[in-house]
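S.K.: Structure incoming, see below.
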Amino acid sequence: MTGSKTAVLLKRVSKRYFLRNSFDKKPFFALQNLNLKIKKGEKVAILGDNGAGKTTLLKLIAGIAESSSGEVQTFGKVVSLIDITAGFHQEFSGRENIYLNAVLLGLRPREVKSLEQEIIDFAGLAEFIDQAIYTYSSGMVLRLGFAIAIHAEPDILILDEGIIVGDQDFQKKAYDSVEEIFAQGKTIILSSHMLPLLKRLCQRFVWLERGQIMMDGGQEVLLEYKKNRASLQLEKTPSNQNANLLFDFLKNLPIGEKFIATASSGSMEPLILKGDEIEVERADFADLKKGEVIAFWSEDLQNVVVHRFYKLEKGKIVTKGDNNLVADVGHVEERSFLGRVLGF
Amino acid sequence: MTESFAWSYYLDFIYLLTKKEIKLRYKRTFLGLLWVILNPLLQMLIIGLVFQFFVPMRIENYFLFLFAGLLPWGFFANSLLRTTPLLVQERALIQKAAFPREILVIAAVLANLFHTLVASGVFLVFLTFLQGSLLSALWFFVSRLFLSAFFFGLFLLFVLATCLIVSAIYVRVRDLNFVVQLGVQLLFYGVPIVYSLSMLPEAFRQILYFNPLVSFIEVFRYLFLGGDLNLLASTIFAFLSVPYLLVALQIFRKESKNFDDWF
């Protein structure tokens, strides 16, 4: 017996996929001989680069995929929010989709009935709820998905990246409810590239690399992991700390290249706190959309500033920080624009 | 999770998905549910015109004869054509949510059953009006209602089992979609829909009976239009659907473990 304190138990678990082409198939181990025990109420963050096996691990725990060998046991109702809009059907109204998706997440239809209004209010879709969701904006769809998921009452909650969604106001609301869930003593397993978020929310960190556990423990794992990743980024950071050189260097990185910056103020609270590390991807100025979080160079501060895209005015982007008390309004031109902040 | 909770959850889920499937088919159509009866009716007219005027079949009441055969055939063919590529079409859902995969197939088949039952109901009412006296009409309606409900139940199990096996194997062997599409067209002439078994030589007739579909079609035609049939043998035969479904479920469950590998 494993006792009633265990929420998730993995014994020597492997997951093998086959890489196929027309001539042969090669086995590929997404997870190899993994042992993991998660206690009830633990908040566990899964760290690792793309392809390290994070999603496979979450899928096995969620019961979406089956292990090739070994044993996966879960105790309690598992709800996975790997893609909160997967169960949506475009032709149906928001209300009909609430029922479909909620039942998919393990709720009973009569439970959904009593939660229906709460979900609609949370998503802020009052007058649109009976329209087909192909008429919704992508933000509205995500809000609805999140609102349903948050009401599914799981014992074990599995969150994949991109969970904090929607526009500025909704992101705050979403963040608050995630925090609330964390306070409820539920078992939560999540993977995200938003390291600051993980740092604030989790006590335990499991670092995966090539399908195996590199490190498992408290905050020290996060530190090690960051160090390891920092070494990867080093060659992209200029040795000369002169501000203008830094700007030139960043500005000249090709589109799609990423760099890491540390927040030096609280203008984007509560999503980004002072001292948090954020990942910025170089992007095309013309591709930006309203509501995105962007990084730009401020001549006044001689530093990188991270704000949210508020509106477009005469070819310039007017930006605002989420925290209205601290942030000034910014004006960004193509010349001073650096990139898009990942994870928002 | 207690056993009873799991079961009622399973049923709720099937109910909701079936409803979705039915609604989806008639979203944004002008005639809506009218298509349920219009569809087999038009099919009957088209096929009937060919085999009445171009290649005349010597069968009494040929249009009724056709319709009675088209009802069970439509249920089988439409279910199979719909469910064969279903799991791959629903890949996004299967890869992102944990639920018993067979529910998708069950809901699609049940939605087709709904259509067949509505069309059969209309057909039954129509035939009832053709009866001579009030008493015989009443007897005809009640007895046929119960008997056809009974056989539709067993036929459902047969169709479901076939769809479960084919849809699960399709995930691995994509050629199956072509095979099914051609097979359904071919099979249409391999079962007695446009012709009657009595037109065939004895030996050939025996061979056709190895196809379970033939037996079901004959039963439904017998229930609606009469004729001669060994009802006992057909009943015993129909009950073979039960073990068939159990085997199909086993195959489906075994295959579903590897769906993730083949998507």
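If you're matching them up, the sequences are chains P and S in order.
Quick note: the first sequence uses our numbering, first residue -18, plus one each step.
Quick note: the second sequence uses our numbering, first residue 6, plus one each step.
Where a beta carbon is used, it is the ideal one built from N, C-alpha and C, also for glycine.
Whose C-alpha, out of P:K(-14), P:N2, P:V25 and P:G32, is nearest the C-alpha of L12 (chain P)?
M.R.: That would be P:G32, whose Cα lies nearest to the Cα of L12 (chain P).
S.K.: Looking at C-beta atoms only, is the number of pairs between the stretch 48 to 55 of chain P and the stretch 192 to 200 of chain P that lie closer than 8 Å three or more?
M.R.: Cβ pair count under 8 Å is below three, so no.
S.K.: Compare the Cα-Cα distances from E99 (chain P) to each of P:S172, P:F69, P:I131 and P:N16 and report the closest residue.
M.R.: Ranking the options by Cα distance to E99 (chain P), first place goes to P:I131.
S.K.: In chain order, what residues of the same chain have a beta carbon less than 8 Å from the beta carbon of K270 (chain P), not counting five sequence neighbours either side?
M.R.: F290.
S.K.: Closer than 7 Å by beta-carbon distance: list the chain P residues that pair up with D265 (chain S), in chain order.
M.R.: Per Cβ cutoff of 7 Å: A46.
S.K.: In the DSSP output, which residue or residues are listed as bridge partners for K6 (chain P)?
M.R.: Bridge partners of K6 (chain P): P:R1.
S.K.: Rounded to a whole number of angstroms, what is the C-alpha to C-alpha distance between N209 (chain P) and R316 (chain P)?
M.R.: Roughly 32 Å between the two C-alpha positions.
S.K.: Considering only residues of the same chain and omitting the five flanking positions on each side of L85 (chain P), which have a CB-CB separation below 7 Å?
M.R.: Answer for L85 (chain P): G68, listed in chain order.
S.K.: Work out the CA separation of L234 (chain S) and S119 (chain P) for me, nearest whole Å.
M.R.: C-alpha separation (whole angstroms): 60 Å.
S.K.: When you compare only the Cα positions, how much space is there between P61 (chain S) and V55 (chain S)?
M.R.: C-alpha separation (whole angstroms): 8 Å.
S.K.: Counting only the same chain and skipping the five closest in sequence on each side, list residues whose C-beta sits under 6 Å from that of I198 (chain S).
M.R.: Taken in chain order, the residues that qualify are G74 and W78.
S.K.: At a CB distance below 7 Å, what residues from the stretch 74 to 104 of chain S approach chain P? Give them in sequence order.
M.R.: Here the close residues are A97, L98, Q100, K101, A102, A103 and F104.
S.K.: Check the Cβ-Cβ distances between F18 (chain S) and every residue of chain P, and say whether any is below 8 Å.
M.R.: So yes, F18 (chain S) belongs to the interface.
S.K.: Can a CB atom of chain P be found closer than 8 Å to the CB of L29 (chain S)?
M.R.: By this cut-off, L29 (chain S) is an interface position.
S.K.: Measuring only between beta-carbons, confirm whether L109 (chain S) sits less than 8 Å from chain P.
M.R.: It does not; no Cβ of chain P falls within 8 Å.
S.K.: What is the residue span of the alpha helix (DSSP H) that G188 (chain S) lies within?
M.R.: From DSSP, the alpha helix (DSSP H) with G188 (chain S) extends over L181 to G195.
S.K.: My assumption, with CB atoms under 8 Å, is that A(-12) (chain P) sits in contact with K21 (chain P). Please give the rounded CB distance.
M.R.: Yes, A(-12) (chain P) and K21 (chain P) are in contact; Cβ-Cβ is about 5 Å, under 8 Å.
S.K.: Going by DSSP, what residue range makes up the alpha helix (DSSP H) through S148 (chain S)?
M.R.: Note, S148 (chain S): alpha helix (DSSP H), L139 to Y175.
S.K.: Going by other Cβ atoms of all chains shown within 10 Å of its Cβ, with 16 needed for buried, is R106 (chain S) buried or exposed?
M.R.: That one is buried.
S.K.: Starting from the beta carbon of K259 (chain S), find every residue of chain A whose beta carbon is closer than 8 Å, and list them in chain order.
M.R.: The structure shown contains no chain A; the protein chains it does contain are P and S.
S.K.: Is it buried or exposed, R226 (chain S), if we count other Cβ atoms within 10 angstroms and call 16 or more buried?
M.R.: Classification for R226 (chain S): buried.
S.K.: Flag this pair as touching only if the stretch 161 to 181 of chain P and the stretch -1 to 6 of chain P have three or more C-beta atom pairs under 8 Å; answer yes or no.
M.R.: Too few Cβ pairs lie closer than 8 Å, so no.
S.K.: Near P219 (chain P), what residues of its chain come up, given a Cβ to Cβ distance below 8 Å and the 5 sequence neighbours on each side ignored?
M.R.: Because the pLDDT at P219 (chain P) is just 44, under 50, the model does not fix this residue reliably, and the point stays unresolved.
S.K.: Residue range of the beta strand (DSSP E) that Y249 (chain S) falls in?
M.R.: It is not in any beta strand (DSSP E) - Y249 (chain S) instead sits in the alpha helix (DSSP H) that spans S246 to S261.
S.K.: In three-state terms, what does DSSP make of A264 (chain P)?
M.R.: Three-state DSSP puts A264 (chain P) in coil, outside helix and strand.
S.K.: Pairs of beta-carbons, one from the stretch 71 to 84 of chain P and one from the stretch 105 to 120 of chain S, closer than 8 Å: are there three or more?
M.R.: Not touching, per the Cβ criterion.
S.K.: Between the C-alpha atoms of G231 (chain S) and L86 (chain S), what's the straight-line distance to the nearest angstrom?
M.R.: Distance between the alpha carbons of G231 (chain S) and L86 (chain S) is about 30 Å.
S.K.: Using the three-state DSSP reduction, which class does Q54 (chain P) fall into: helix, strand or coil?
M.R.: Strand at Q54 (chain P).
S.K.: Here's the rule I'm using: 16 or more other beta-carbon atoms within 10 Å means buried, otherwise exposed. How should E216 (chain P) be labelled?
M.R.: Residue placement at E216 (chain P) cannot be trusted, given a pLDDT of 39 that sits under 50; what the coordinates show is reported in the next sentence. With fewer than 16 other Cβ atoms within 10 Å, it is exposed.
S.K.: For a test of the three-state rule: what should DSSP assign to A33 (chain P), helix, strand or coil?
M.R.: A33 (chain P): coil per DSSP, three-state reduction.
S.K.: In terms of residue numbering, what span does the beta strand (DSSP E) encompassing Y291 (chain P) cover?
M.R.: Here the beta strand (DSSP E) through Y291 (chain P) covers N284 to E294.
S.K.: Using the beta-carbon of each residue, which ones in chain S are nearer than 9 Å to S61 (chain P)?
M.R.: By Cβ distance, chain S contributes K101, A102 and A103.
S.K.: Beta-carbon within less than 8 Å of S220 (chain S)'s beta-carbon, same chain only, minus the 5 sequence neighbours each way: which residues are those?
M.R.: Contacts found: Y214, S239, F242 and A243.
S.K.: Is there a Cβ of chain S sitting closer than 8 Å to that of T(-17) (chain P), yes or no?
M.R.: Because T(-17) (chain P) carries a pLDDT of 47, less than 50, the predicted location of this residue cannot be relied on, and the following value inherits that uncertainty. Chain S contact via Cβ: absent.
S.K.: Below 8 Å between beta carbons: does that hold for L234 (chain P) and D141 (chain P)?
M.R.: For L234 (chain P) and D141 (chain P), no; Cβs fall outside 8 Å.
S.K.: Going by the beta-carbon positions, is the gap between F325 (chain P) and L252 (chain P) smaller than 8 Å?
M.R.: Cβ atoms of F325 (chain P) and L252 (chain P): closer than 8 Å.
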